[in-house]
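Chemist:
Residue numbers (our numbering): 100 to 379.
1. Is the stretch 212–232 in contact with the stretch 165–180, if contact means three or more CB pairs nearer than 8 Å?
2. Between residue 210 and the rest of its own chain, which residues show a CB-CB distance below 6 Å, the 5 nearest in sequence each way excluded?
3. Under a three-way DSSP split, which group does residue 202 fall into?
4. Decide if residue 238 is buried, meaning its Cβ has at least 16 other Cβ atoms within 10 Å, or exposed.
5. Which partner residues of residue 105 appear in the DSSP bridge assignment?
6. Per DSSP, which one or two residues make a beta bridge with residue 221?
7. When DSSP labels each residue in this structure, what does residue 207 get in the three-state scheme?
8. Is residue 320 helix, strand or coil when you go by DSSP?
9. In whole angstroms, what is the alpha-carbon distance linking residue 293 and residue 251?
10. Taking 8 Å as the cut-off, does the stretch 195–202 touch the stretch 147–167 (at least 3 CB pairs, one atom from each stretch)?
11. Assuming the contact rule is C-beta atoms closer than 8 Å, residue 135 and residue 329 should be a hit. Round their C-beta distance to whole Å, please.
12. Out of curiosity, what's the CA-to-CA distance linking residue 322 and residue 108?
Laid out in C-alpha cells, this is it:
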C-alpha cells in the first residue's frame, strides 16, 4: 500500500525552518518543503546567501542564523511563527573537517561538536518549546523535527573519527528525543546518507583517506537526501539510510570492527579510483 504524501493544506498553513539551507542538502530540503506547502524560512550563517536561496526556490523568507547559539534558535523559531504556526524544524547545518583524531586542530574539533551535535540539540529544544506553546494555546498540534546526519554515524570511519562521532551523537539524540515527544504528536527523524556530492565532500583533502572511503560507496544527490528526510514526516520512522545496503555494511562494521576494517585499504583504493575517473 502506497503511503500518502505528507503535505500542508492551504487552509491550515505551517511554517518550517531549515538551517544551513543556502546551498547543498539544505537548499534541496527547503525546496522540498516549499513544494509540500510549508512557508519556509531559509537560514544560514551567510544571511545574504540565505535570502538569495529563499527567493530562488520560492520560500517565504531567508535569514542569518548561527546554529551554535542557543538563544538564536529561539529567535529563529519566533520569526518562523510570524509566517505561520511552526510545523517543522530541520537541523541541516553541518561542517565536515576531515583528518585523524591527532591531525585535527582544536578549533576544528570544537566546531564539529558544536555545529554537528549541539546545533541540532539547540534547534530541537527551540522547536519543541514552540510546538508545546502552540498546542497549549490551541493554535496547532504537534510538528516535525528533521536532522541531516550521515552514514558515518553507524560505524567507524578512519580519517573522519571526530566527524563520525559528532554525527553518531546527533543520531542518538534523535532516537532518544523521538521517544520523549512522540505522545505529543511530534515526529523526530534523521536521514543518514552515504557521501553526498556537495561542497563538503569536495572540500576534503584530495586523495585523502576520508574522501577515498566516502567515494568508495554510492554518491547520493541532494534531492535524494531531501526526499528521504521529508518523506518520513508524518510517519513513526526515526531514521533512514541512503542507500540501505551501505547502512547494513556500516552496522556490520560497528559490530565487528576488527575483521571488517581490514577491508579498509581495499575500499579506499576503490574510492581513489572513482575520484581519479571523475577528474579525467
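Even glycine gets a Cβ: it sits at the ideal position worked out from N, Cα and C.
Modeler: Reading from the atomic positions:
1. yes
2. 194
3. coil
4. exposed
5. Partner(s): none; residue 105 has no beta bridge.
6. Answer is none; residue 221 lacks a bridge partner.
7. helix
8. coil
9. 8 Å
10. no
11. 7 Å
12. 23 Å
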